Amino acid sequence: MGNDSVTLAAVGDIMLGDRPLMVGFGVRSCIEASDSYDPFEGVRDFLNTHDLVFGNLESIISDCDLEEENYRSIQMRGPCKSIELISKSGFNLLSVANNHMMQHGVGGFNETVHLLKENEIEPLGSINQKGKVLAVFKEVKGRKFGFMGFSLRPERYAFEAPYARYEFDEILQEVRDIKDKCDFLIVSLHWGDEYISRPSHKQIRQARLLADEGASLIVGHHPHVVQGVERYNNSVIAYSLGNFIFDVRQKRLRQTVILVVEFKGKNEIEFKRIPACMDTMFRPHIQYGNEAEIIHLEFAKLDSMIHRSHFGSMYRYSVKLHEIRNKIENRILFLKQLKAYKPWVLRQSLFNFMEDRIK
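Take a look at the structure:
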């Protein structure tokens, strides 16, 4: 890569807490159990070689209103000390526009944003008091980069979200308003359906419209699996980067990618994908040799799916099948871990399961 080029490393979902199924075993528990545990250790040196490093922060980093031995309170939140692990890994941009940011209330969201800013990490997707998204601008090597983050997913935990949960037409207008204020515009989208390896026809159409209006790079999150990447005219669209750090056991959910984008001159963009996979302690590691070759073949298959997207009922049927598969896998995992759960976790998780079934 040339000395005058600017490189960005983009990664998928970063969740430094314990998801409900993994309370007591997840990333938060690992961080709290040992000062030597570092989920970024396998990728830190690589990430730090880039000018810009971006990811989607899938859970708050906050102990605000935390209740010990409360199953709902402790899940999906990273400990405050984990901000240092992120900062040391070169991240200077993280999206906070996603459907888990309000899981523990506005206090947890605000503390997360405060910690990010305190560590010189820009929270993409923040809004002002009027509800307008706050674009972030960075000048690197004489070029101006604009960044915006949005969520197209429903907000589950609050009536009004303190982040940019926009309708698509509103996002399109924001891109039109910002594109002439920078040389390159990067848009982060929390969108799509979980566990499915292809974007919907609607997503493809929306992404290309954003590119037509001036978005140079579109980066997607939420499906928890890697999806294809396409070059559309002079733009790059990565539909989903999957999980990057997440307490999942299934290998298909641990496979991930680092998207490296090189910006040259004022309008030239190149990209490559660095295959990676989380180990059983949820730490991503770059893959080499035969394993990397196999993953690159899988990337090619994912790319081809973009041009063979499913429509309507066929797509919804595929989504439903993946949801059922994931639910079955999670129940099997729960049974395997049954004897290892702490008594209070087991008691409360069973109660919550029955409560959800009744609803």
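Residue numbering for the sequence shown follows this note's numbering, starting at 954 and increasing by one per position.
Every residue gets a Cβ at the ideal spot worked out from N, C-alpha and C, and that includes glycine.
Bear in mind the structure is a predicted one, so any value in this text is a computation, not a measurement.
> For LEU927, is the classification buried or exposed, using 16 other Cβ atoms within 10 angstroms of its Cβ as the cut-off for buried?
Replying inline: No answer is possible for residue 927: the residues shown for the chain start at 954 and end at 1312.
> Excluding five sequence neighbours on each side, which residues of the same chain lie with their C-beta closer than 8 angstroms to the C-beta of ILE1080?
Replying inline: Here residue 1080 refers to the residue found at position 127 of the sequence shown. Excluding positions up to five away in sequence, the list reads VAL1086, LEU1087, PRO1115, TYR1116, ALA1117.
>> Tell me the rounded alpha-carbon separation between VAL980 and SER989.
In response: On the sequence shown, position 27 is the one that residue 980 refers to. On the sequence shown, position 36 is the one that residue 989 refers to. Each residue's Cα considered, the two are about 13 angstroms apart.
>> On the DSSP bridge list, what partners appear for SER1079?
In response: Reading the sequence shown from its first residue, position 126 is the one you call residue 1079. BP columns for SER1079 point to TYR1116.
> Who are the Cβ neighbours of ASP1016 in its own chain at under 6 angstroms, not counting the five residues just before and after it?
Replying inline: In the sequence shown, counting from the first residue as 1, residue 1016 sits at position 63. So the qualifying residues of the chain are CYS1033.
> Can you tell me whether DSSP reads SER1271 as helix, strand or coil?
Replying inline: The residue given as residue 1271 occupies position 318 in the sequence shown. SER1271 falls in the helix class under three-state DSSP.
>> Let me make sure I understand the geometry here. Which of LYS1097, LEU1047, GLY1008, GLU1073 has the alpha-carbon closest to that of PHE1216?
In response: Taking the first residue of the sequence shown as position 1, residue 1216 is located at position 263. Checking every option, the nearest Cα to that of PHE1216 belongs to LYS1097.
>> Within the continuous alpha helix (DSSP H) that includes CYS1230, where are the two ends?
In response: Position 277 of the sequence shown, counting from 1, holds the residue named residue 1230. Not the alpha helix (DSSP H): CYS1230 falls in the beta strand (DSSP E), residues 1221 to 1231.
> Taking the C-alpha atoms as reference points, what is the distance between ILE1311 and LEU1303?
Replying inline: Here residue 1311 refers to the residue found at position 358 when the sequence shown is read from its first residue. Here residue 1303 refers to the residue found at position 350 when the sequence shown is read from its first residue. For ILE1311, the pLDDT reaches just 42, beneath the cut-off of 50, and the residue's location in the model is therefore unreliable, although a value from the coordinates is still provided. Whole-angstrom Cα-Cα distance: 12 angstroms.
>> Restricting to Cα atoms, I'd like to know which of LYS1041, ASP1122, GLY970, VAL1179 is closest to ASP1256.
In response: Along the sequence shown, one-based indexing puts residue 1256 at 303. Among LYS1041, ASP1122, GLY970, VAL1179, the Cα nearest to that of ASP1256 is on VAL1179.
> What number of angstroms, rounded off, separates the C-alpha of LYS1204 from the C-alpha of ARG1284?
Replying inline: To locate residue 1204, count along the sequence shown from 1; it is residue 251. To locate residue 1284, count along the sequence shown from 1; it is residue 331. Near 16 angstroms, if we compare the C-alpha coordinates of ARG1284 and LYS1204.
> Over what stretch of residues does the beta strand (DSSP E) that includes MET1258 continue unbroken?
Replying inline: Taking the first residue of the sequence shown as 1, we reach residue 1258 at position 305. Not the beta strand (DSSP E): MET1258 falls in the alpha helix (DSSP H), residues 1242 to 1259.
> Who are THR1065's beta bridge partners in DSSP?
Replying inline: Residue 1065 sits at position 112 when you count from the first residue of the sequence shown. Beta-bridge pairing links THR1065 to no other residue.
> With C-beta atoms as the reference, is ILE1248 less than 8 angstroms away from PRO1152?
Replying inline: Taking the first residue of the sequence shown as 1, we reach residue 1248 at position 295. Taking the first residue of the sequence shown as 1, we reach residue 1152 at position 199. It is not a contact, given that the beta carbons lie outside the stated cut-off.
> From GLY1265 to VAL1172, what does the alpha carbon distance come to, in whole angstroms?
Replying inline: Numbered from its first residue, the sequence shown carries residue 1265 at position 312. Numbered from its first residue, the sequence shown carries residue 1172 at position 219. Taking the straight line from one Cα to the other gives about 24 angstroms.
> Using DSSP with H/G/I as helix, E/B as strand and the rest coil, what is GLU1183?
Replying inline: Mapped onto the sequence shown, residue 1183 falls at position 230. Strand, per DSSP.
> From ILE1027 to ASN956, what distance separates their C-alpha atoms?
Replying inline: Looking up residue 1027 in the sequence shown gives position 74. Looking up residue 956 in the sequence shown gives position 3. Between the alpha carbons of ILE1027 and ASN956 lies a gap of roughly 45 angstroms.
> What's the call for LEU1038, buried or exposed, on a 16-neighbour Cβ count within 10 Å?
Replying inline: Reading the sequence shown from its first residue, position 85 is the one you call residue 1038. The residue in question, LEU1038, is buried, as its Cβ has 16 or more Cβ neighbours within 10 Å.
> For MET1234 versus ARG1207, is the C-beta distance shorter than 8 angstroms?
Replying inline: In the sequence shown, residue 1234 corresponds to position 281, counting from 1. In the sequence shown, residue 1207 corresponds to position 254, counting from 1. No, Cβ-Cβ distance for MET1234 and ARG1207 is not below 8 angstroms.
> Does the beta-carbon distance from GLY1031 to VAL1006 come in below 8 angstroms?
Replying inline: Position 78 of the sequence shown, counted from the first residue, corresponds to residue 1031. Position 53 of the sequence shown, counted from the first residue, corresponds to residue 1006. It is not a contact, given that the beta carbons lie outside the stated cut-off.
> For VAL995, which option in LYS1070, ASP1133, GLN1240, VAL1213 has the closest C-alpha, if you only look at C-alpha atoms?
Replying inline: Working through the sequence shown from its first residue, we reach residue 995 at position 42. Per the sequence shown, the amino acid found at residue 995 is Gly instead of Val. Considering only alpha carbons, the answer is GLN1240.
> From LEU1142 to LYS1041, what does the alpha carbon distance come to, in whole angstroms?
Replying inline: For the purposes of this step, residue 1142 is taken as the residue at position 189 of the sequence shown. For the purposes of this step, residue 1041 is taken as the residue at position 88 of the sequence shown. Roughly 25 angstroms between the two C-alpha positions.
> If you draw a straight line from the C-alpha of MET1267 to the C-alpha of ARG1226, how long is it?
Replying inline: Stepping through the sequence shown from its first residue, residue 1267 is reached at position 314. Stepping through the sequence shown from its first residue, residue 1226 is reached at position 273. Spanning the two alpha carbons is a distance of roughly 29 angstroms.
> Apart from the five residues just before and just after LYS1295, which ones in its own chain have a Cβ nearer than 6 angstroms to its Cβ?
Replying inline: Taking the sequence shown and counting its residues from 1, one reaches residue 1295 at position 342. Correct list, in chain order: GLY977.
> Grouping DSSP H, G and I as helix and E and B as strand, with all else coil, what is LYS1132?
Replying inline: Within the sequence shown, numbered from 1, the residue matching residue 1132 stands at position 179. Of the three classes helix, strand and coil, the one that applies to LYS1132 here is helix, per DSSP.
> Looking at ASP966 and ALA1177, is the spacing between their C-beta atoms short of 8 angstroms?
Replying inline: Your numbering for residue 1177 matches position 224 in the sequence shown. Your numbering for residue 966 matches position 13 in the sequence shown. The amino acid at residue 1177 is misidentified as Ala; the sequence shows His. A contact, by the Cβ cut-off of 8 angstroms.
>> Classify LEU1046: buried if its beta carbon has 16 or more other beta carbons within 10 angstroms, exposed otherwise.
In response: Walking along the sequence shown from the start, residue 1046 turns up at place 93. It counts as buried.
>> What does the alpha-carbon distance come out to for the pair PRO973 and ASN1023?
In response: For this step, residue 973 is matched to residue 20 along the sequence shown. For this step, residue 1023 is matched to residue 70 along the sequence shown. Taking the straight line joining both Cα atoms gives about 11 angstroms.
>> For ILE1211, count the other beta carbons within 10 Å of its own beta carbon; 16 or more makes it buried, fewer makes it exposed. Which is it?
In response: In the sequence shown, residue 1211 corresponds to position 258, counting from 1. It counts as buried.
> Span of the beta strand (DSSP E) holding GLN1208?
Replying inline: Numbered from 1 along the sequence shown, position 255 holds the residue referred to as residue 1208. Here the beta strand (DSSP E) through GLN1208 covers 1208 to 1217.
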